[in-house]
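First up is the structure itself, then whatever we jot down about it.
Residue numbers (full-length UniProt numbering): 1 to 198.
Here it is as structure tokens:
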């Protein structure tokens, strides 16, 4: 069973991981999330980042390390990881890596109700999705190629490689589903069931 976390937002996990490297100000954390493109995997904006940092501090996973002052900017509080934060990071990450989790993607909801659409309309919509998936595959493969060319280690690109594998699988699935929806037997059965109601 999934463990109840004091701070359950996945952004918190990313913050804990970045603070393993060194103490940082939330602005620096945000910059690194963007530069590493982790904001493609973790929902993030400046407001949510500052909120998560406060929650992590309240939970005792991070502490104020120092306050930095310079003449051009307001005071900045730099945060550091605590032993409890390190333990939480390892425990939470271990759980996510080791145990499959039931997720509820929107596409799964749409698939569960697909039979309501006429076979022709379903194929038309799935064809548009197939095109979008193909475009995203090209973009993601290019991103990995460019990053690899700059010397970024494969372990830092593993989430993009996972994204590619998932996109390829979905693209293949959508193609097979369109073929199944075009089968005369399915079209006939759909018309008998739904007739002129769509």
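We treat Cβ as the ideally placed atom computed from N, Cα and C, and that holds for glycine.
Next item on the list: Identify whether residue 26 lies in helix, strand or coil by the three-state DSSP scheme.
Entry: For the purposes of this step, residue 26 is taken as residue 26 along the chain shown, with counting starting at 1. Here residue 26 sits in helix by DSSP.
Notebook entry, point to check: Quick one: any contact between the segment 70 to 90 and the segment 1 to 21, if contact means 3 or more CB pairs under 8 Å?
Noted result: yes
Notebook entry, point to check: How would you label residue 100, buried or exposed, when you count the other beta carbons within 10 angstroms and need 16 or more for buried?
Noted result: As a working note, residue 100 is residue 100 in the chain shown. It is exposed - the Cβ of residue 100 has fewer than 16 other Cβ atoms within 10 Å.
Next item on the list: Would you list, in sequence order, the uninterrupted beta strand (DSSP E) runs of no fewer than 3 residues that lie entirely inside the UniProt domain "Transcription regulator PadR N-terminal" (15 to 89)?
Entry: 62 to 70 and 73 to 81
Next item on the list: May I have the straight-line CA-CA distance separating residue 198 from residue 103, to the nearest angstrom?
Entry: Within the chain shown, the letter at position 198 stands for residue 198. Within the chain shown, the letter at position 103 stands for residue 103. Below a pLDDT of 50, predicted positions are generally treated as unreliable, and residue 198, at 47, falls in that range; the measurement from the model is reported next regardless. The alpha-carbon atoms of residue 198 and residue 103 are separated by roughly 30 Å.
Item checked: residue 67 to residue 122 span [Cα, whole Å] -> Walking along the chain shown from the start, residue 67 turns up at place 67. Walking along the chain shown from the start, residue 122 turns up at place 122. A straight line joining the alpha-carbon of residue 67 with that of residue 122 spans about 57 Å.
Check: What residue from 148, 110, 163 and 65 has the CA that sits closest to residue 133's CA?
Finding: Along the chain shown, read from residue 1 onward, the residue named residue 133 stands at position 133. Measuring from the Cα of residue 133, the nearest candidate turns out to be 163.
Notebook entry, point to check: Is the beta carbon of residue 190 less than 8 Å from the beta carbon of residue 118?
Noted result: For the purposes of this step, residue 190 is identified with residue 190 of the chain shown, where counting begins at 1. For the purposes of this step, residue 118 is identified with residue 118 of the chain shown, where counting begins at 1. Yes.
Check: Among 43, 16, 131 and 27, which has the Cα closest to the Cα of residue 172?
Finding: Along the chain shown, read from residue 1 onward, the residue named residue 172 stands at position 172. Comparing Cα-Cα distances from residue 172 to each of 43, 16, 131 and 27, the minimum goes to 131.
Margin query: Let me confirm a value: residue 106 is counted as buried when at least 16 other C-beta atoms fall within 10 Å, else exposed. Which label applies?
Written below: Residue 106 sits at position 106 when you count from the first residue of the chain shown. Counting Cβ neighbours within 10 Å, residue 106 comes out exposed, since fewer than 16 surround it.
Check: Are there 16 or more other CB atoms within 10 angstroms of the CB of residue 44, so buried, or fewer, so exposed?
Finding: One-based indexing of the chain shown puts residue 44 at position 44. Under this definition residue 44 is a buried residue.
Checklist line | Helix, strand or coil at residue 158 according to DSSP, with G and I counted as helix | finding: For the purposes of this step, residue 158 is identified with residue 158 of the chain shown, where counting begins at 1. Assignment of residue 158 by DSSP, reduced to helix, strand and coil, places it in the helix class.
Notebook entry, point to check: If you draw a straight line from the alpha carbon of residue 146 to that of residue 136, how long is it in whole angstroms?
Noted result: Position 146 of the chain shown, counted from the start, is the residue given in the question as residue 146. Position 136 of the chain shown, counted from the start, is the residue given in the question as residue 136. So the alpha carbons of these two residues sit roughly 15 Å apart.
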